[in-house]
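In our numbering, the protein residues as written are -1 to 145.
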């Protein structure tokens, strides 16, 4: 499976920040990066994503880890290449692919899926136990007169 190490800068669109304004801001940021400014520094300043503190670094991504619009744009880039401004359900992005690698992640994926299933089962068991305790402590008196 091919993994991609990428970073991005996200500007969220909303009532205050229109799509056009976000696109313009990212085009300006893109121009700065192309002219030699550091991507990570620009991400720390402008990105509205949790990855901003890490210079926009998203780590190693597997196919399907991101939304389709983002993944298509990322897959079209060569390592070191910077995308044009792209739109996703989260807002507007600049993406840079840092490197790619082939990796057999089937065992890692299986462990991750198994951990998640165990976590969900334990959570469900705790929830069911809590509901059972709540029902046991609850007393309902029927005050309706029987006729």
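From the three backbone atoms N, C-alpha and C, an ideal C-beta is built for every residue, glycine too. Every value quoted in this text rests on a predicted model; they were computed, and no experiment measured them.
When the alpha-carbon of residue 87 is set against those of 28, 99, 95, 69, the nearest one is in 69.
Note that the C-beta distance between residue 9 and residue 90 is below 7 Å.
The alpha-carbon of residue 129 is positioned some 18 Å away from that of residue 117. Note on the region 51 to 89: whole beta strand (DSSP E) runs with a minimum of 3 residues are 55 to 59, 84 to 86, in chain order. Residue 108 sits in a helix when the DSSP states are folded into three classes. Only buried fits residue 47, as 16 or more other CB atoms lie within 10 angstroms of its CB.
Under a 10 Å Cβ-count criterion, residue 64 is classified as buried, with 16 or more other Cβ atoms of the shown protein chains found around its own Cβ.
Counting other Cβ atoms within 10 Å of its Cβ, residue 56 reaches 16 or more and is therefore classed as buried.
Its chain contains no residue whose beta carbon lies nearer than 7 Å to that of residue 119 once the 5 sequence neighbours on both sides are disregarded.
Excluding the 5 residues flanking it on each side, residue 78 has same chain C-beta neighbours closer than 8 Å at 94, 95, 96, in chain order. Note that the C-beta distance between residue 5 and residue 54 is below 7 Å. Under the three-state reduction of DSSP, residue 26 is assigned to helix.
In summary, residue 92 is buried, with 16 or more beta-carbon neighbours lying within 10 Å of its beta-carbon over all protein chains present.
Judged by DSSP in its simplified three-state form, residue 123 adopts helix.
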